[in-house]
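Novice:
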Amino acid sequence: MFSDNHKISLRQLQALLLLYFFGTSSLFLPAELAAESGRACWIVMLCGGLAASLFSLVLTTLMARAPHWTGVEWVRYGFGNLLGTVFAVGFALKLAIDAMLELRIFSEILCRTMLPQTPVWVLVAVLLLLSAFGVARGIEGQARAAEILFFFVFVPFLLLLAGVALTIDEAYFLPLDLPDFTMLRKGAAAIQPLFQAMLFLLFLPPYLEKPTQTKKSVLGVCLTTTILMSVITFLCLAVYGVEALEHKIFPTLQVAERISFSGIFLGRKDIFLLWFWIVSAFLYISGALFFGSVCSARILRQKQKKQRYWLFLWVPILFVGAMVLQDMESAYAFRNLIQPFLSAFLLAVLPLYCLYKSRKWKKGGI
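For the sequence shown, this note's numbering assigns the number 481 to the last residue and increments by one with no breaks.
Put into structure tokens, the structure is as follows:
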């Protein structure tokens with residue numbers, strides 16, 4: 116089950132976060148932004164990502180001030196034991212909801228692109244059990260996997276993006292449009308699911324080798340994610356144009372079909388590219404299970420060794436929650452409906468208030 120007293124390095128943290136951030140929302144985001152912002156979609160992505168990157172500084176500042184605390188201790192410190200516990204339960208609920216939605220959406224993507232004859236519940240169960248097995252070695256096992264797989268997934272991904280860029284023959288991104296306030300507001304709400312793994316930062320400090328030195332590392336990952344997604348959105352716009360892009364289902368995958376390779380193995384470039392999101396989904400669900408167990412144990416003030424038993428509750432809950440949803444479209448719509456409000460409150464309002472209350476602390480906490 117869990118490994119005890121294992122820590123991860125800043126480099127492993129960066130690999131984990133980058134793979135966490137590129138979840139299923141990155142598959143839909145270019146089309147969604149095109150529908151909301153037209154030719155300004157890539158600029159909206161850039162602005163929204165920069166705003167999210169700035170908010171990461173609030174979370175990493177909290178991490179540095181009390182390295183032995185998690186989000187549970189912070190909200191209890193900021194709001195008292197009773198109200199703080201209610202907010203801590205809110206953290207656990209958000210972790211569960213995000214994991215359920217990621218499970219259902221990605222399982223249906225696999226069904227529609229690779230395994231059309233396989234029941235969705237089978238893929239949900241397999242992905243969930245594999246993720247639970249990944250949690251068995253604790254956060255260090257996930258970090259090592261991310262560190263090793265990083266080069267095997269990101270290098271082919273970047274090469275495919277470069278290949279797509281070389282296929283552009285029409286300037287559909289022109290004339291250049293600048294977004295107005297309404298576009299920026301709606302775009303920021305649409306972008307929030309991309310950074311949903313930021314909630315993990317509130318539970319990471321006890322498992323980091325250098326929790327007081329994470330600010331630059333996390334900010335760098337957020338900026339890298341922002342730049343990559345802005346480039347992807349721009350490429351999708353340049354290839355398809357606004358009208359066609361907003362009707363694409365998985366534009367980030369489908370754009371790879373522009374590249375021409377000979378040979379059977381690369382006959383379906385979208386399936387080859389899907390390898391990237393398989394790794395991302397596996398690591399994200401593993402992280403949700405791990406930090407959900409940590410959150411549950413901290414709420415009840417249990418010792419670290421006790422948190423392993425929460426997996427027996429979290430795994431069936433996520434399975435049932437994922438299967439309650441009707442289909443991928445309803446799951447994605449539900450995520451877009453609740454995510455902006457939950458993220459704004461749990462990842463912005465609460466941390467900012469806790470940071471304000473701790474303003475007189477010295478570095479290193481109490």
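Positions of the beta carbon are idealized from the N, C-alpha and C atoms, including for glycine. None of the values given here were measured: they were computed from a predicted structure.
Excluding the 5 residues flanking P455 on each side, which residues of the same chain have their C-beta closer than 6 Å to its C-beta?
Specialist: As a position in the sequence shown, residue 455 is number 340, starting the count at 1. Once the five neighbours on either side are set aside, the close Cβ partners of P455 are A304 and Q307.
Novice: F391 and V268: beta carbons closer than 8 Å?
Specialist: Walking along the sequence shown from the start, residue 391 turns up at place 276. Walking along the sequence shown from the start, residue 268 turns up at place 153. Yes, the pair counts as a contact, with Cβ atoms nearer than the cut-off.
Novice: Looking only at its chain, what residues have a beta carbon closer than 6 Å to the beta carbon of H121, apart from the 5 residues adjacent to it on each side?
Specialist: Mapped onto the sequence shown, residue 121 falls at position 6. Excluding residues within five positions, the ones whose Cβ falls inside 6 Å are G253 and E255.
Novice: Please list the terminal residues of the continuous alpha helix (DSSP H) segment that includes G153.
Specialist: Along the sequence shown, one-based indexing puts residue 153 at 38. Element bounds for G153: n/a, residue is neither H nor E.
Novice: Can you check the stretch 417-459 for any alpha helix (DSSP H) of at least 4 residues that lies completely inside it and give the ranges in chain order?
Specialist: You should have 426-439 and 443-459.
Novice: Taking contact to mean at least 3 C-beta pairs separated by less than 8 Å, is the stretch 277-292 in contact with the stretch 433-444?
Specialist: No, the stretch 277-292 does not touch the stretch 433-444.
Novice: Can A261 and L467 be called in contact, C-beta distance under 8 Å?
Specialist: Reading the sequence shown from its first residue, position 146 is the one you call residue 261. Reading the sequence shown from its first residue, position 352 is the one you call residue 467. No, the Cβ-Cβ distance between A261 and L467 is not below 8 Å.
Novice: Taking 8 Å as the threshold, find out whether the stretch 346-355 comes into contact with the stretch 136-153 through three or more Cβ pairs.
Specialist: Touching, yes, given that three or more Cβ pairs across the two stretches are closer than 8 Å.
Novice: For L281, count the other beta carbons within 10 Å of its own beta carbon; 16 or more makes it buried, fewer makes it exposed. Which is it?
Specialist: Within the sequence shown, numbered from 1, the residue matching residue 281 stands at position 166. Exposed: under 16 other Cβ atoms inside 10 Å.
Novice: May I have the straight-line CA-CA distance separating A371 from G278, to the nearest angstrom?
Specialist: Counting from 1 along the sequence shown, the entry for residue 371 is found at position 256. Counting from 1 along the sequence shown, the entry for residue 278 is found at position 163. In a straight line, the C-alpha of A371 is about 8 Å away from that of G278.
Novice: Decide if E97 is buried, meaning its Cβ has at least 16 other Cβ atoms within 10 Å, or exposed.
Specialist: There is no way to answer for residue 97, as the model of the chain reaches only from 116 to 481.
Novice: Report the rounded CA-to-CA distance for R107 versus T327, giving the unit in angstroms.
Specialist: Nothing in the structure corresponds to residue 107, since the chain is present only between 116 and 481.
Novice: From which residue to which residue does the alpha helix (DSSP H) around F365 run?
Specialist: Counted from its first residue, the sequence shown places residue 365 at position 250. Here F365 belongs to no alpha helix (DSSP H), and DSSP marks it neither H nor E.
Novice: What residues are listed by DSSP as bridge partners for L338?
Specialist: Numbered from 1 along the sequence shown, position 223 holds the residue referred to as residue 338. Bridge partners of L338: none, in fact.
Novice: Output needed for A410: all residues of its chain with C-beta closer than 8 Å, excluding positions within five of it in sequence on either side, in chain order.
Specialist: Here the question's residue 410 lines up with position 295 in the sequence shown. Ala is not the amino acid found at residue 410; the sequence shown has Cys there. Cβ within range, chain order: T185, G186, V187, A203, F206, A207, L210 and F318.
Novice: Looking at the strands, I want to know which residues DSSP matches up with L218.
Specialist: Here the question's residue 218 lines up with position 103 in the sequence shown. DSSP lists no partner for L218.
Novice: If the criterion is Cβ atoms closer than 8 Å, does the pair Y192 and K475 meet it?
Specialist: One-based indexing of the sequence shown puts residue 192 at position 77. One-based indexing of the sequence shown puts residue 475 at position 360. Contact: no.
Novice: Which whole-angstrom value is the C-beta distance of I220 and M443, which I expect to be below 8 Å?
Specialist: Along the sequence shown, read from residue 1 onward, the residue named residue 220 stands at position 105. Along the sequence shown, read from residue 1 onward, the residue named residue 443 stands at position 328. Their Cβ separation, rounded to whole angstroms, is 5 Å, which keeps I220 and M443 in contact under 8 Å.
Novice: Alpha carbon to alpha carbon, what distance is there between S168 and T200?
Specialist: Stepping through the sequence shown from its first residue, residue 200 is reached at position 85. Stepping through the sequence shown from its first residue, residue 168 is reached at position 53. Taking the straight line from one Cα to the other gives about 27 Å.
Novice: Quick check on the DSSP output: the alpha helix (DSSP H) that includes L242 runs from which residue to which?
Specialist: Counted from its first residue, the sequence shown places residue 242 at position 127. Start and end: V235 to V250.
Novice: For the putative contact between L470 and L177, defined by C-beta atoms under 8 Å, what is the C-beta separation to the nearest angstrom?
Specialist: Against the sequence shown, residue 470 aligns to sequence position 355. Against the sequence shown, residue 177 aligns to sequence position 62. About 6 Å; that satisfies the 8 Å criterion.
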